[in-house]
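Chemist: Let me begin by handing over the structure; questions about it come next.
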Amino acid sequence: RFQAFVYFASVFQAMSCGIHYLASVFMAVTPNFVCGIPGNVSSVLLYNSSESSLEDIWTLWTSTENYVVVQLENGEIWELNQCSRSKREMNLDLAYEYKGNKSIFSCSDGFLYDDTKWKSTVVTQWDLVCDREWLAKLIQPTFMLGVLIGAVIFGDIADRLGRQRVIWFTSAGQFVFGIAVAFTFDYYSFVIVRFLLAMVSSGYLVVAFVYVTEFVGIKARTWASMHVHAFFAMGIMIVALVGFLVRTWWVYQICLSIATLPFVLCCWMLPETPFWLLSEERYEDAQKVINIMARWNKVSAPCKVSELRSVQQDDLDGGSMGDNDTSSTKKHNILDLFCNWHIARRTITVWLIWFTGSLGYYVFSLSSVSLGGNEYLNLFLIGAVELPCYIIACIGMDKLGRRNTLIPFLILSALICVLIMFIPQDFNILIILANMAGKFSIGVAFGLIYLYTAELYPTIVRSLAVGSGSMMCRVGSVVAPFCVYLRSVWIFMPLLLVGIMALLSGILTIMLPETLGKPLTNTLVEATEMGRSKKSCSGKTPPAHSGAALEKIEMFGQDTVSTEK
């Protein structure tokens, strides 16, 4: 019961992460537009169709190469293009074709936008078109840069100050910055506030994975961790629904941010994890959390921290105590992920999988935009298609193991990339199905790596490991659009690159240890031994004295889950 409360409270907020990650899909859309006009219009002409107002011509607009001919009340005739306008020197009969002299002017009177779908977007709000178009294209990359930085910063802070404080701060930050985005007064303040929103959203998502992983017992850990992704996907589906119902960008942003409010009001009730408290030697606080868990789960004989401390003391008495006082208080950083060859090789492989998963996911996603149809329904289905993906991943991880599920799906995605290259271009349905299969297979690997990373590293650097992996994931999402641009070099170049990376990642994954059914480790020594190596981290970490203690916590969490069943 206790784990269920903590889990669903935590993953509810993951929906907000999915919402903010995808909010710009509709918020920063660029509608059809033409140059503004310097007077009142009396008639409008597009091709051979004549209308009385510019609002009536958008249904006839088919290409950015189109131009609109307008006649003003003073008799002047203008040709309106998207980024310029020209005045006809000879005011003859109103006709679409004209071969006389023209005077070309800039769009000093602003732009006219098609508001049939969206009443207002950030593009129409600040005229992010033509020579300012590059500013609109920077909206999502700057957000992803904030995601990248936030993943590392908050992952490190969570290891130093605890998971609880970071969850409090980042969840409140999502609500505050989410609402603030709607009230920004210009483009630059909009980008800055969204950058901060990206940092706290990414920080929450990274720490939430670690938080639920450390609270849930071994039997339920796979499904619990993987379905954090499912709630993220539900956030994407909410974006599609709100985008369909609300067509003004700042109202749309407020509606999306309100989803954060319920969690902000109750997140202060979430406790710190016993794993982190034990790693910081805060035994009394850890015992309090364990006692609360016991009362919620109706366990009559919870584990005693005093017994765990006696186990640790025995280990300390039997081992070297010279360096213990200094090493136990050592603050860990990203260099600890490379403390010896075995951990360094593990880190490089894990980072490569994170990068490949993100790169492949976005390359396949960008390839699927040619499906056409209703864009709101398409986005909804893009979120919905992830749900069965995670179910398959959970079943595979529980039955086959983390590594044995990750390897075949990485290699399968590489094979699908090769298969697509041999499908004739006029077989559209088959190409779409193959792209969906590729996205599905890379999605399984992408979802699995969160939990696998958390299990591969000890408590003292677990949040840092997941955070740095998420950083590599964001690097992949930034590189993905540039990878798609390589289609101009060769149409299959993006698929070739994804296939090579997926195949390489699949091969290197063979060298990773299996973590299915094993208790979480607490020190780098224990994590190294999980890789069947006895070499320690050059004496820079505490001896593996807390493994037995943490295993008892694991058994306690497992017993409470079994009781609930």
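The sequence shown begins at 4 in the working numbering and counts up by one. Glycine included, every Cβ here is placed at the ideal spot set by N, Cα and C.
1. Using 10 angstroms around the beta-carbon of G450, count the other beta-carbons present and answer buried if the total reaches 16, otherwise exposed.
2. Check whether the Cβ of G158 lies closer than 7 Å to any heavy atom of the ligand HEM, and answer yes or no.
3. Count the other C-beta atoms from every protein chain shown that fall within 10 angstroms of the C-beta of C269, then say buried if there are 16 or more, exposed otherwise.
4. Name, in chain order, the residues that DSSP records as bridge partners for I80.
5. In angstroms, rounded to a whole number, what distance separates the CA positions of F495 and F430?
6. I need the DSSP call for F186, collapsed to helix, strand or coil.
7. Ordered along the chain, which non-local residues of its own chain (more than five positions away) have a Cβ less than 6 Å from that of F278?
8. Expressed to the nearest angstrom, what Euclidean distance is found between the alpha-carbon atoms of Y453 and H230?
9. Under 8 Å between the Cβ atoms of G238 and I414?
10. Sort V73, W252, L49 by Cα distance to L63 and report the nearest one.
11. Where in the stretch 217-279 do unbroken runs of the alpha helix (DSSP H), each at least 4 residues long, occur, reported from the N-terminal end onward?
12. Considering only the alpha carbon of each residue, which of L418, L273, S466 lies closest to D339?
13. With DSSP as the reference, label L48 as helix, strand or coil.
14. By alpha-carbon positions, which one of M93, F108, D96, N104 ends up nearest to L83?
15. Express the C-alpha separation of G181 and F36 in angstroms, rounding to a whole number.
16. On the criterion of 16 or more Cβ atoms from any shown chain inside 10 Å, does E76 qualify as buried, or is it exposed?
17. Determine the extent of the alpha helix (DSSP H) in which L384 is found, giving its start and end residues.
18. DSSP state of K105, grouped into three classes?
19. Could you check whether C486 and V366 sit closer than 8 Å to each other, using their CB atoms as the reference points?
20. In this structure, how does DSSP classify R166 when only helix, strand and coil are distinguished?
21. So, helix, strand or coil for I116, using DSSP?
22. Looking only at DSSP bridge pairs, what is C392 linked to?
23. Give the straight-line distance between the Cα atoms of I1 and L148, rounded to the nearest whole angstrom.
24. With H, G and I counted as helix, E and B as strand and the rest as coil, what does DSSP make of S87?
25. Alpha carbon to alpha carbon, how far is M30 from D118? Give it in angstroms, no decimals.
26. Are the beta-carbon atoms of G78 and M93 separated by less than 8 Å?
27. Helix or strand or just coil, what does DSSP make of C20?
28. To the nearest angstrom, report how far apart M240 and V150 are at their CA atoms.
29. What does V37 pair with, by DSSP beta-bridge criteria?
30. Where does A483 land, buried or exposed, given buried means 16+ other C-beta within 10 angstroms?
31. In this structure, how does DSSP classify S303 when only helix, strand and coil are distinguished?
32. Kindly indicate which residue of D112, L97, D96 has the alpha-carbon position closest to the one of R88.
33. Exposed or buried, what is M504 when buried is set at 16 or more other beta-carbons lying within 10 Å of its beta-carbon?
34. Give me, in chain order, the residues of the same chain whose beta-carbon lies closer than 8 Å to that of M18; leave out the 5 immediate sequence neighbours on both sides.
35. With a threshold of 16 other CB atoms inside 10 Å of the CB of I60, please say whether the residue is buried or exposed.
Modeler: With the given structure in hand:
1. buried
2. This structure lacks the ligand HEM, and indeed carries no ligand of any kind.
3. exposed
4. Q74
5. 15 Å
6. coil
7. E217, T462
8. 11 Å
9. no
10. L49
11. 221-248, 252-261, 264-269
12. S466
13. strand
14. F108
15. 28 Å
16. exposed
17. 378-387
18. strand
19. yes
20. helix
21. Position check: residue 116 holds Tyr in this sequence, whereas Ile was assumed. Here Y116 sits in strand by DSSP.
22. Per DSSP, none; premise fails for C392.
23. Beyond the ends of the chain as shown, which are 4 and 568, falls residue 1; an answer cannot be given.
24. coil
25. 13 Å
26. no
27. helix
28. 20 Å
29. L115
30. buried
31. coil
32. D112
33. buried
34. F234, F235, M237, G238, I241, A262
35. buried
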